[in-house]
Amino acid sequence: MSITATQITKTFGTYTALAGVDLHVPSGKLVALLGPSGSGKTTLLRVIAGLETADSGSGRIQFHAEDVTDVPTGKRGVGFVFQHYALFRHMTVFDNIAFGLNVLKRKERPSKDQIADRVHKLLKLVQLDNLGKRYPTQLSGGQRQRVALARALAVDPKVLLLDEPFGALDAKVRKELRRWLRQFHDEINLTTVFVTHDQEEALEIADEVVVMNQAKIEQVGTPQEVYDHPATPFVYQFLGNVNKLQLPWRGFSNADGSHGPFTDSSAKVAYVRPHELEVLRYRVGVDGEVASIRTIHAAGSVARLTCVRGSSEFVDVEISRQRLDELALAIDDPVLLRVRRSRTFAEDYAI
Amino acid sequence: MSVPPEIPCAARVETRVEDDCLLVELGGCWRITERRPSWIEAVAGQTPARVRLAFAADIGPWDSALLLFVHEGRQWCRETSTPCDLSRLPGPVQQLLRQLAVANEALKPADRSRDFLSMVGLAAQDVWRKTCDITTFVGECVLGAAGLVRHLNKFRWRDCLEEMQQCGAMALPIVSLISLLVGLIMAYQSAVLMRQFGADIYVADAVGLVMVREMGAMMTAMILAGRTGAAFAATLGNMKANEEIDALKTLGIRPVDFLVMPRLVALAFMMPLLALYANALGIVGGMVVSLGILDVPPAAYWVETQSAISLSDVTTGLIKASVFGLLVGLAGCHCGLQADRSAAGVGRAATSAVVTGLLLIILFDAIFAVAFNVLGL
Numbered sequence: 001m002s003i004t005a006t007q008i009t010k011t012f013g014t015y016t017a018l019a020g021v022d023l024h025v026p027s028g029k030l031v032a033l034l035g036p037s038g039s040g041k042t043t044l045l046r047v048i049a050g051l052e053t054a055d056s057g058s059g060r061i062q063f064h065a066e067d068v069t070d071v072p073t074g075k076r077g078v079g080f081v082f083q084h085y086a087l088f089r090h091m092t093v094f095d096n097i098a099f100g101l102n103v104l105k106r107k108e109r110p111s112k113d114q115i116a117d118r119v120h121k122l123l124k125l126v127q128l129d130n131l132g133k134r135y136p137t138q139l140s141g142g143q144r145q146r147v148a149l150a151r152a153l154a155v156d157p158k159v160l161l162l163d164e165p166f167g168a169l170d171a172k173v174r175k176e177l178r179r180w181l182r183q184f185h186d187e188i189n190l191t192t193v194f195v196t197h198d199q200e201e202a203l204e205i206a207d208e209v210v211v212m213n214q215a216k217i218e219q220v221g222t223p224q225e226v227y228d229h230p231a232t233p234f235v236y237q238f239l240g241n242v243n244k245l246q247l248p249w250r251g252f253s254n255a256d257g258s259h260g261p262f263t264d265s266s267a268k269v270a271y272v273r274p275h276e277l278e279v280l281r282y283r284v285g286v287d288g289e290v291a292s293i294r295t296i297h298a299a300g301s302v303a304r305l306t307c308v309r310g311s312s313e314f315v316d317v318e319i320s321r322q323r324l325d326e327l328a329l330a331i332d333d334p335v336l337l338r339v340r341r342s343r344t345f346a347e348d349y350a351i
Numbered sequence: 001m002s003v004p005p006e007i008p009c010a011a012r013v014e015t016r017v018e019d020d021c022l023l024v025e026l027g028g029c030w031r032i033t034e035r036r037p038s039w040i041e042a043v044a045g046q047t048p049a050r051v052r053l054a055f056a057a058d059i060g061p062w063d064s065a066l067l068l069f070v071h072e073g074r075q076w077c078r079e080t081s082t083p084c085d086l087s088r089l090p091g092p093v094q095q096l097l098r099q100l101a102v103a104n105e106a107l108k109p110a111d112r113s114r115d116f117l118s119m120v121g122l123a124a125q126d127v128w129r130k131t132c133d134i135t136t137f138v139g140e141c142v143l144g145a146a147g148l149v150r151h152l153n154k155f156r157w158r159d160c161l162e163e164m165q166q167c168g169a170m171a172l173p174i175v176s177l178i179s180l181l182v183g184l185i186m187a188y189q190s191a192v193l194m195r196q197f198g199a200d201i202y203v204a205d206a207v208g209l210v211m212v213r214e215m216g217a218m219m220t221a222m223i224l225a226g227r228t229g230a231a232f233a234a235t236l237g238n239m240k241a242n243e244e245i246d247a248l249k250t251l252g253i254r255p256v257d258f259l260v261m262p263r264l265v266a267l268a269f270m271m272p273l274l275a276l277y278a279n280a281l282g283i284v285g286g287m288v289v290s291l292g293i294l295d296v297p298p299a300a301y302w303v304e305t306q307s308a309i310s311l312s313d314v315t316t317g318l319i320k321a322s323v324f325g326l327l328v329g330l331a332g333c334h335c336g337l338q339a340d341r342s343a344a345g346v347g348r349a350a351t352s353a354v355v356t357g358l359l360l361i362i363l364f365d366a367i368f369a370v371a372f373n374v375l376g377l
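These protein sequences, in sequence, are chains V and R. FYI, in my numbering the residues of the first sequence are 1 to 351. FYI, in my numbering the residues of the second sequence are 1 to 377.
Dropping the structure here:
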């Protein structure tokens, strides 16, 4: 079941949350809506779910071939998982999951045994087999979110929508749970859209990433595409750390090992990721931009250096621990920096 | 004009008119710590077509004071739209002036206050939106009630009973206390008046009638507005902040059917019962005062009360009570469902539920007073 939304506009008073957004989610894919807070990603998700109505004059929302623009939320067949779980506090985990089935009309409602069977299957699926009798308050955050997921899946939704599902969890649980979500998605193969502001999360598990900023979609692509070929300066800066280097720059390493100066006639600023910079000890007569080391952070899998070019231009560099040992750098040492790969944007907002 | 040269090496400005151009020559020492000439004084009311600034031959050491003066001149030229020629000033001055111009740029604070008309307009829009919200909500409730009558078995009786216990049984102590005190107070007040005419026994009529027709229903409704209305708003507001209401919607359940109807039914049932109870306690309060200060025996008081109150008085009181109950419930649930999705929103919803509830009670009490009068009840 694919999702297609065309020209969706949503305003709250004078504030524009979505400005003519088009979105297509292919069937069976796991798609991440990624953006900073206030970029409209949650609003877009709520519009798809039918929890918000788009402004009049907006386009249609289609699930596969079916137009659901005027269908109320409950009849769209969406499973929605909320950031703060939204579990019913006075019900046990079992009742929470069974709730969507218990409230169906008698004709559509499965028998009690069938419901119980289904709930137990779902509990197994979300790996909470023995916790059916507990109340939500007796569960950890990660467990609650899985209950919320099970509740959303109980009614056999056509699409699954997750609103910052791991936003309220701590970093470790988050990592485990998102890996679990990926596996889980591969098992059930349901068209899934999830909203996140964590680029790492989006890049790690999504089939396709939709980067949003200021009520608009900036770029759509696979994680690899958007990371390696950002379409706009915003995407470049939002996905991972990036240095904005004032051009011209004296060191550039080509793929064939040769090096030379680095200039671009159309832009004043080059975007370079920290790991796309090469560090050499300072030697006279060697190509490279001169900088001095300000800080060295070696606690972690890679070493992070902060260099200062000129008086106040800070450049972040990431090199392997091994390379750091080879260089034997100390604070205030002069070094040469060479860019391996960079990206410039013609319409740059040079300051 | 020129500054008198008593102070050795003071800042000096000389103006001279050449053709249509005002030549302003700066001389002397410019020190920020000394007094510096003002541009307005230097120009002295002239309205030249052009202005040119230059250094005089005797210019001494200068600092920011000179820049500020030139900047003042430049501002003046901009305001009076006079062309200003700074090209005769040396390079360092011009460079510093450029920096000053950038550093000095400040946006004029925008006037964000709204004028009368737009305030009226916004208020009208607000009222219209609220009216729409309320009508929609009441409409949904009516539809919900119709659905309830058709599918009685689908109604959430358990929730309803729980709410009944919460808003009925649990409210008994406070209702008892307040209605007893209201009875006492009314008996005292009327006793002062009645005693002047020796009509002590009519205190029973006054207390009985007022309690049964008016105060019983009213005081109970007020208590429930503060107690139950606020609780409804807080509960539903909290559920909304917690996105539980959205969760219900995605599961295809209308929040009105699921959350509002049980509460409304509970209040509409419990309010008349509570009002009846309040009536009784109010009469007991009156009885106590009559016995204490008027020496009217309870038996006489009771007989007098019986003769004063007819069944229609009790019925009107109960009808009112039931309607007040619905109003309190509607106000509470509406405010709860309209709450902002934040902790502060829940608090605001509770407050506005109480205020709206009280307002509606008084409003409908007035309507009832007129209606019953016309109907002769």
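Just so you know, even glycine gets a beta-carbon here, dropped at the ideal spot from N, CA and C.
* Where the region 227-259 of chain R meets chain V: residues whose CB sits under 7 Å from a CB there -> N242, E243, E244, D246, A247, K249, T250, L251, G252, I253
* To do: With a threshold of 6 Å, establish whether the CB of S38/R neighbours any heavy atom of the ligand ZN.
  => The ligand ZN is not part of this structure, which contains no ligands at all.
* Same chain, Cβ closer than 7 Å to A168/V, neighbours up to 5 away in sequence not counted -> Q83, H84, G141
* Residues of chain R with a CB under 7 Å from the CB of F82/V: which are they? -> E243, D246, A247
* **CB of M270/R within 7 Å of CB of G168/R, strictly** => Yes. Within cutoff.
* To do: Check the Cβ of G74/V against every Cβ in chain R and list those closer than 9 Å, keeping chain order.
  => L248, K249, T250, L251, G252, I253, R254
* **Start and end residues, beta strand (DSSP E) containing S113/R** => First-last for S113/R: undefined, no H or E at that position.
* Is the region 171-191 of chain V close to the region 91-104 of chain V, with three or more CB pairs under 8 Å? -> no
* Through-space distance from V13/R to A44/R, alpha-carbon basis -> About 12 Å.
* To do: Taking P262/R as part of the alpha helix (DSSP H), name the residues at either end of that continuous run.
  => Where P262/R is concerned, the enclosing alpha helix (DSSP H) stretches over 261-289.
* To do: Assign L251/R to one of three DSSP states: helix, strand, or coil.
  => Correct three-state label for L251/R: coil.
* Positions along the region 39-55 of chain V whose CB lies within less than 9 Å of some CB in chain B -> Included in the structure are the protein chains V and R, with no chain B among them.
* To do: With DSSP as the reference, label Y271/V as helix, strand or coil.
  => strand
* Which one or two residues does DSSP pair with T9/V in a beta bridge? -> None; T9/V has no bridge partner.
* Asked: Any beta-carbon of chain R closer than 7 Å to the one on V103/V?
  -> yes
* To do: Following the continuous alpha helix (DSSP H) through I174/R, name the residue where it begins and the one where it ends.
  => 172-196
* Asked: Out of curiosity, what's the CA-to-CA distance linking D63/R and V17/R?
  -> Pairing D63/R with V17/R, the inter-Cα distance amounts to about 27 Å.
* **Pair within 7 Å by beta-carbon distance, C307/V and I296/V** => no
* Asked: Of the residues that make up the region 94-123 of chain V, which ones have a beta carbon closer than 7 Å to any beta carbon in chain R?
  -> So the list reads F99, G100, V103, given in the order they occur along the chain.
* To do: Kindly list, in the order they appear in chain R, the residues whose Cβ is closer than 7 Å to that of V155/V.
  => Simply L251.
* From G357/R to A331/R, what distance separates their C-alpha atoms? -> 6 Å
* To do: Put H297/V into one of helix, strand or coil per three-state DSSP.
  => strand
* Give the DSSP bridge partners of I3/V, in chain order. => Looking at the DSSP assignment, I3/V forms a beta bridge with V25/V, F63/V.
* Apart from the five residues on each side of it in sequence, which residues of its chain come closer than 7 Å, Cβ to Cβ, to D159/R? -> For D159/R, where only same-chain residues beyond five positions count, the Cβ hits under 7 Å are P262.
* Asked: What residue from H334/R, V138/R, A278/R, N153/R has the CA that sits closest to A231/R's CA?
  -> H334/R
* **Sequence-distant residues of the same chain with beta carbon closer than 8 Å to I174/R, five excluded per side** => I223, R227, listed in sequence order.
* Asked: What residue from L97/R, A123/R, G292/R, G317/R has the CA that sits closest to H71/R's CA?
  -> L97/R
* Asked: Can you tell me where the beta strand (DSSP E) with G28/R in it begins and where it stops?
  -> 21-30 is the extent of the beta strand (DSSP E) around G28/R.
* To do: Spatial neighbours of H64/V within its chain, please: CB distance less than 7 Å, with the 5 preceding and 5 following residues excluded, ordered by chain position.
  => The residues are M1, S2.
* To do: Tell me, please, whether the CB atom of Y349/V is closer than 7 Å to any CB atom in chain R?
  => The pLDDT assigned to Y349/V is 48, lower than 50, so where the model puts this residue is not dependable; a value taken from the coordinates is nonetheless given after this. No - not a single Cβ of chain R is within 7 Å of the one on Y349/V.
* Asked: Between which two residues does the beta strand (DSSP E) carrying A308/R extend?
  -> Segment 298-308 is the alpha helix (DSSP H) holding A308/R; no beta strand (DSSP E) there.
* **Uninterrupted alpha helix (DSSP H) stretches inside the region 111-154 of chain V (no shorter than 4 residues)** => 112-125, 141-154
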